[in-house]
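As numbered in our numbering, the sequence shown has no gaps in its residue numbers, which increase by one up to the final residue, 979.
Just so you know, even glycine gets a beta-carbon here, dropped at the ideal spot from N, CA and C.
Let me begin by presenting the structure, written as structure tokens, before commenting on it.
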Amino acid sequence: MGTRRKFSPELKAQIVQVILKEEKPISQLSSEHGIHPVQLSKWKRKAVQNFSQLFADDRKGVNQDER
Numbered sequence: 913m914g915t916r917r918k919f920s921p922e923l924k925a926q927i928v929q930v931i932l933k934e935e936k937p938i939s940q941l942s943s944e945h946g947i948h949p950v951q952l953s954k955w956k957r958k959a960v961q962n963f964s965q966l967f968a969d970d971r972k973g974v975n976q977d978e979r
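Structure, rendered in structure tokens:
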């Protein structure tokens with residue numbers, strides 16, 4: 913049984929950016945990085961689901977755009 917590979921958040925972000933820009937298909941990125949396409953799809957889904965948190969302001973539950 914092999915050991916699990918760990919990927920840095922920076923690498924994950926770079927790969928997801930390429931996926932979102934649709935510069936390369938997931939299958940090509942999968943081959944280039946040796947990561948299963950299902951895993952890449954999970955990273956993409958997680959990133960898209962958490963986009964709104966980028967603009968959240970933890971102070972008093974106010975969004976940055978509302979200030």
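Can you check which of these residues, the options, is closest to residue i by C-alpha distance?
| i | options | result |
| --- | --- | --- |
| R917 | E934, Q951 and I931 | Q951 |
Give the range of the alpha helix (DSSP H) segment to which residue i is assigned.
| i | result |
| --- | --- |
| H948 | Counting along the chain, H948 falls outside any alpha helix (DSSP H), and DSSP gives it neither H nor E. |
| E934 | Counting along the chain, E934 falls outside any alpha helix (DSSP H), and DSSP gives it neither H nor E. |
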